[in-house]
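Written out below as structure tokens is the structure these notes cover.
Protein chains: 2
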Amino acid sequence: MISVVLVDDHLVVRSGLRALLSTQPDIEVVAEASSGENGVATVLEHGPDVVLMDLAMGAGIDGIEAIRQLRTRRPKQAVLVFTTYDSDADIVRAVDAGAMGYLLKDAAPDEIFAAVRGAAKGQSHMSAPVASRLFQAMRNPDEALTPREAELLTLLTQGLSNKELGKKLFISEATVKTHLAHIYAKLGVDSRASAIAKALRREGMR
Amino acid sequence: MISVVLVDDHLVVRSGLRALLSTQPDIEVVAEASSGENGVATVLEHGPDVVLMDLAMGAGIDGIEAIRQLRTRRPKQAVLVFTTYDSDADIVRAVDAGAMGYLLKDAAPDEIFAAVRGAAKGQSHMSAPVASRLFQAMRNPDEALTPREAELLTLLTQGLSNKELGKKLFISEATVKTHLAHIYAKLGVDSRASAIAKALRREGMR
DNA sequence: TCCCGTCTCATCCTTTTGGCTGATACGGCC
DNA sequence: GGCCGTATCAGCCAAAAGGATGAGACGGGA
Chain A
1 MISVVLVDDH LVVRSGLRAL LSTQPDIEVV AEASSGENGV ATVLEHGPDV
51 VLMDLAMGAG IDGIEAIRQL RTRRPKQAVL VFTTYDSDAD IVRAVDAGAM
101 GYLLKDAAPD EIFAAVRGAA KGQSHMSAPV ASRLFQAMRN PDEALTPREA
151 ELLTLLTQGL SNKELGKKLF ISEATVKTHL AHIYAKLGVD SRASAIAKAL
201 RREGMR
Chain B
1 MISVVLVDDH LVVRSGLRAL LSTQPDIEVV AEASSGENGV ATVLEHGPDV
51 VLMDLAMGAG IDGIEAIRQL RTRRPKQAVL VFTTYDSDAD IVRAVDAGAM
101 GYLLKDAAPD EIFAAVRGAA KGQSHMSAPV ASRLFQAMRN PDEALTPREA
151 ELLTLLTQGL SNKELGKKLF ISEATVKTHL AHIYAKLGVD SRASAIAKAL
201 RREGMR
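Chains A and B supply the protein sequences, listed in that same order.
Numbering of the first sequence is given in UniProt numbering, commencing with residue 1 and proceeding in unit increments.
Numbering of the second sequence is given in UniProt numbering, commencing with residue 1 and proceeding in unit increments.
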């Protein structure tokens with residue numbers, strides 16, 4: 001019998017998963033949680049074979065952070081990410097945090113079952129679209145912005161001017177422009193407008 | 001007995017909703033669909049009292065368009081939007097298309113039941129966060145971009161320059177600048193960077 | 001030790017953008 | 001017919017952004 005804990009802030013998703021998994025004789029949902037904090041506590045309490053974890057979780061810590069906390073408290077815990085979107089950044093962060101697999105919410109039931117059974121045995125699983133994105137992200141290390149550049153890009157997406165960026169980061173406008181030039185090159189764009197567009201679409205919105 | 005049709009591309013969401021609604025003696029899910037096209041057909045076939053419709057639907061027509069089509073074919077059909085995000089644009093568009101209510105996926109079960117029963121009687125229902133956003137959107141009619149301006153804004157978020165915008169829209173750069181100035185004023189920003197940031201955050205990503 | 005990546009800054013020059021003012025044209029609406 | 005919103009265009013000027021190049025400081029790794 002494979003015991004499973006569900007962590008998702010949407011009640012309908014939890015009900016759906018529970019209904020789906022209950023059709024399988026060898027899988028049992030032993031507990032649910034609706035927030036990251038709660039999820040960590042629930043998992044520690046029940047010690048399930050597999051955790052199905054959403055990433056976006058309203059208030060409080062998100063799924064990534066929850067996975068990270070679980071990793072330190074219970075390193076061998078199998079966690080499957082189960083989420084709607086497959087943004088590059090999320091995938092990389094989740095894998096980095098120690099997720100054993102990454103399922104999309106529109107996955108076929110059989111894929112979900114297989115992933116749960118696999119995770120219980122220590123095998124990792126990736127939804128096909130996710131795998132291809134991860135592959136692409138690894139193949140494209142150009143996009144590896146330096147910490148400083150990432151910081152700048154974040155502020156850039158808030159619409160700040162070079163002058164404002166300089167003030168906020170305590171550097172001269174010249175330095176801002178240097179960083180921007182590097183960012184543009186790495187993102188493969190040639191204007192701040194495109195950079196913002198690319199950055200905002202890459203993070204989050206599918 | 002209130003008959004309901006579910007339209008959502010996520011199987012777990014449909015299962016969850018079905019499980020949830022099945023606990024109510026006076027509500028029955030008579031059919032499900034996993035795409036906009038299919039949803040329209042299914043609704044026309046079954047003629048349910050209430051439709052629960054997701055907005056984002058992967059490929060094909062989205063929930064808004066599905067509602068719009070239903071509106072022309074069956075003007076009195078009660079449709080409740082049931083979605084994850086509450087972006088201003090989506091809410092306005094959904095209400096505009098003829099949605100009878102707007103529920104968020106993290107709504108409490110009782111709220112969902114009440115909304116379904118209300119919709120069956122012709123009453124509209126808004127989740128609290130949605131209502132406040134709608135109110136804000138109405139109170140702020142400045143944001144009402146003209147069709148042309150909206151078109152420009154869309155292209156703007158793709159990172160195009162004024163020259164490129166002009167070419168693509170068959171207008172002079174001068175006209176582009178005029179439109180942009182109006183857009184900036186309406187969005188309350190003063191640079192294309194901020195406009196892009198605002199536009200991309202307003203649409204979609206919560 | 002020397003090299004390389006990172007972060008910092010500067011100068012010069014070109015292109016792009018933004019702000020302002022004013023103008024024409026078309027289509028509704030009172 | 002006059003008014004208003006929308007869409008179109010022009011010219012002018014100042015500010016911002018982008019491209020090219022060079023360079024100093026610091027730290028880690030070969």
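For glycine and all other residues, C-beta sits at the position ideal for the given N, C-alpha and C.
(1) Give me the chain B residues within the contact set of residue 213 of chain A, using Cβ-Cβ distance strictly less than 8 Å, ordered along the chain.
(2) Could I get the ranges of all uninterrupted alpha helix (DSSP H) runs contained in the UniProt domain "HTH luxR-type" (138 to 203) of chain B, with 4 residues as the minimum, in chain order?
(3) Going by DSSP in three states, A/T72 sits in which element: helix, strand or coil?
(4) At a cut of 8 Å, does the stretch 32 to 47 of chain A reach the stretch 27 to 47 of chain B through at least three beta carbon pairs?
(5) Kindly indicate the opening and closing residues of the beta strand (DSSP E) around B/S3.
(6) Mind the definition here: the stretch 28 to 39 of chain B touches the stretch 94 to 101 of chain A only if three or more C-beta pairs lie below 8 Å; say whether that holds.
(7) Once DSSP output is grouped into helix, strand and coil, what is the label at B/H10?
(8) Return the chain-ordered list of same chain residues with a C-beta closer than 6 Å to the C-beta of A/A107, the five sequence neighbours on each side being excluded.
(9) Please state the DSSP three-state secondary structure of A/A114.
(10) Taking Cβ to Cβ, would you say A/R73 is nearer than 9 Å to A/V40?
(11) At what residues does the alpha helix (DSSP H) containing B/L44 begin and finish?
(12) On a Cα-Cα basis, can you pick out the residue from B/P109, B/S191, B/V12 and B/I67 that is closest to B/N38?
(13) Is A/I183 closer than 9 Å to B/G159 when the C-beta atoms are compared?
(14) With B/D8 and B/S34 assumed to form a contact (beta carbons below 8 Å), what rounded beta-carbon distance in angstroms separates them?
(15) Exposed or buried, B/M138, counting other C-beta atoms within 10 Å across all chains shown (16 or more means buried)?
(16) Output, in chain order, the set of chain A residues within a Cβ distance shorter than 8 Å of B/P109.
(17) Excluding the five sequence neighbours on either side, which residues of its own chain have a C-beta within less than 7 Å of the C-beta of B/K177, listed in chain order?
(18) From A/T157 to B/L145, what does the alpha carbon distance come to, in whole angstroms?
(19) Identify the contact partners of A/I196 in chain B, using a Cβ-Cβ distance below 7 Å as the criterion.
(20) Check the Cβ of A/A19 against every Cβ in chain B and list those closer than 8 Å, keeping chain order.
(21) Check whether the Cβ of B/T154 lies closer than 9 Å to any Cβ atom in chain A.
For this structure:
(1) Past the boundaries of the shown model lies residue 213 of chain A; chain A is included only from 1 to 206, so the question cannot be answered.
(2) Counting whole runs of 4 or more residues, the UniProt domain "HTH luxR-type" (138 to 203) of chain B contains the alpha helix (DSSP H) stretches 147 to 156, 162 to 169, 173 to 187 and 192 to 202.
(3) Note: A/T72 maps to helix in three-state DSSP.
(4) Too few Cβ pairs lie closer than 8 Å, so no.
(5) I2 to V7 is the span of the beta strand (DSSP E), which, as asked, contains B/S3.
(6) The stretch 28 to 39 of chain B makes no contact with the stretch 94 to 101 of chain A, as fewer than three CB pairs between them are under 8 Å.
(7) In the structure shown, B/H10 sits in coil (DSSP, three-state: anything other than H, G, I, E or B).
(8) S127.
(9) Here DSSP, grouped into helix, strand and coil, assigns A/A114 to helix.
(10) Yes, these two residues count as a Cβ contact at 9 Å.
(11) G36 to H46 is the extent of the alpha helix (DSSP H) around B/L44.
(12) Per the Cα distances, B/I67.
(13) It is not a contact, given that the beta carbons lie outside the stated cut-off.
(14) The C-beta distance from B/D8 to B/S34 rounds to 7 Å, short enough to fall under 8 Å.
(15) Note that B/M138 scores a pLDDT of 47, beneath 50, so its modelled location is shaky and nothing firm can be said.
(16) Within chain A, the residues near B/P109 are L11.
(17) Cβ contact annotation for B/K177 (same chain, cutoff 7 Å, sequence separation greater than five): N162, in chain order.
(18) A straight line joining the alpha-carbon of A/T157 with that of B/L145 spans about 22 Å.
(19) In chain order: A193, I196 and A197.
(20) Neighbours of A/A19 on chain B, chain order: S15, G16, R18 and A19.
(21) No, B/T154 lies away from the interface with chain A (no Cβ there is under 9 Å from its Cβ).
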